[in-house]
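Novice: Residue 384 in the numbering used here sits at position 207 of the sequence shown, with consecutive numbering throughout.
Can you keep this structure in mind? I'll have questions shortly.
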Amino acid sequence: MASHLEIERLRCRDDGIDTIGTEQDRVNCSFYYKIGACRHGDRCSRKHIKPPFSQTILLPNVYHNPAHDPGCKYNEKELQEGFDAVYEDLYCELAKFGHLLELHVCDNVGDHLIGNVYARYEWENEAQAAVDNLNNRWYAGRPLYAELSPVTDFREACCRQNENGECNRGGFCNFMHLRLASKELVSSLRAGQRIERRMNPPKENAALGWEPGQRKEKNGRERSASPGRRGDEAWRKG
């Protein structure tokens, strides 16, 4: 499925321009196209063109890693368990809006990347539904802000040196340093979503993607059939 950036590149290629979104592009910010954020923000000398449609959404400044606090007293096991709980919470909530293909959480400490959460859906309308809903929500006592993101390839967005344990910029790197959930949790969440889609398959005429089914509770009220999580107390409407 072609992204907004890919469509723009094809259009520009037809016009004889083949540098959009690259470092040779003197008009558009390549960092914004690659990672959906730029350390210069609104002061950047190049354009940050927000996509009118995208499969990917960005929730900035959501996850705060306690390990970055100088007074942190948690050990590595406790830190991983705490992050797994946050990851599960985010995955299960975001899966309510459609087929969630990827979920990534940044562990950077630079202002433009700290705590950023990226989610990529199968369909653009699913991403738009998530943005529309989450902008009216709070999580862990803080209001959420959601937007469509131009990021399409997280391999390009992530710091390869960090993946090899060689990045000397640490958390202030301008590329994504991801905080990883435990493999067992990720496998369990993906399996749960596959089972849910099997139980509630897309409608034959639904060309724009999958919608979570509804199940009846004992009191007759309907609820989403998305994978359950430990508790809903962290999420509330604005």
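Ideal placement from N, C-alpha and C gives every residue a C-beta, glycine not left out.
All figures in this text were calculated on a predicted structure; none of them were measured in a lab.
State the DSSP-derived secondary structure class of C283, mapped to helix, strand or coil.
Specialist: The answer is strand: DSSP assigns C283 an E or B state.
Novice: Assuming the contact rule is C-beta atoms closer than 8 Å, G275 and E299 should be a hit. Round their C-beta distance to whole Å, please.
Specialist: Yes, G275 and E299 are in contact; Cβ-Cβ is about 6 Å, under 8 Å.
Novice: Answer with buried or exposed for R297, where buried requires no fewer than 16 other C-beta atoms within 10 angstroms of its C-beta.
Specialist: Looking at its Cβ environment, which holds 16 or more other Cβ atoms inside 10 Å, R297 is buried.
Novice: Quick one: complete alpha helix (DSSP H) runs, 4+ long, within the stretch 340-364?
Specialist: Here no run is fully enclosed.
Novice: Have a look at G348 and V286 and give me their C-alpha separation to the nearest angstrom.
Specialist: C-alpha separation (whole angstroms): 5 Å.
Novice: With three or more beta-carbon pairs closer than 8 Å as the criterion, would you say the stretch 322-340 touches the stretch 202-212?
Specialist: The stretch 322-340 vs the stretch 202-212: in contact.
Novice: According to the neighbour-count rule (16 or more other Cβ atoms, all chains shown, within 10 Å of its Cβ), is L385 buried or exposed?
Specialist: Confidence at L385 is low in this model, with a pLDDT of 48, below 50, so its placement is unreliable and no value can be given for it.
Novice: Name the residue from Q305, N205 and F260 whose alpha carbon lies nearest to the alpha carbon of L362.
Specialist: Minimum Cα distance to L362 is reached at F260.
Novice: Within the same chain, show all residues whose beta-carbon is closer than 7 Å to that of E301, passing over the 5 residues directly before and after it, in chain order.
Specialist: Excluding positions up to five away in sequence, the list reads F230, S231 and Q232.
Novice: Is W387 helix, strand or coil when you go by DSSP?
Specialist: Note that W387 scores a pLDDT of 44, beneath 50, so its modelled location is shaky and nothing firm can be said.
Novice: Should V294 and P378 be called a contact, given that it needs their Cβ atoms to be closer than 9 Å?
Specialist: Going by C-beta atoms, V294 is not nearer than 9 Å to P378.
Novice: Determine the DSSP secondary structure at R223, reduced to helix, strand or coil.
Specialist: Three-state result, R223: coil.
Novice: Among all the DSSP beta bridges, which residues are the ones paired with E324?
Specialist: E324 is bridged to L235.
Novice: Bridge partners of W300, per DSSP?
Specialist: The partner list for W300 (beta bridge, DSSP) is empty, contrary to what the question assumes.
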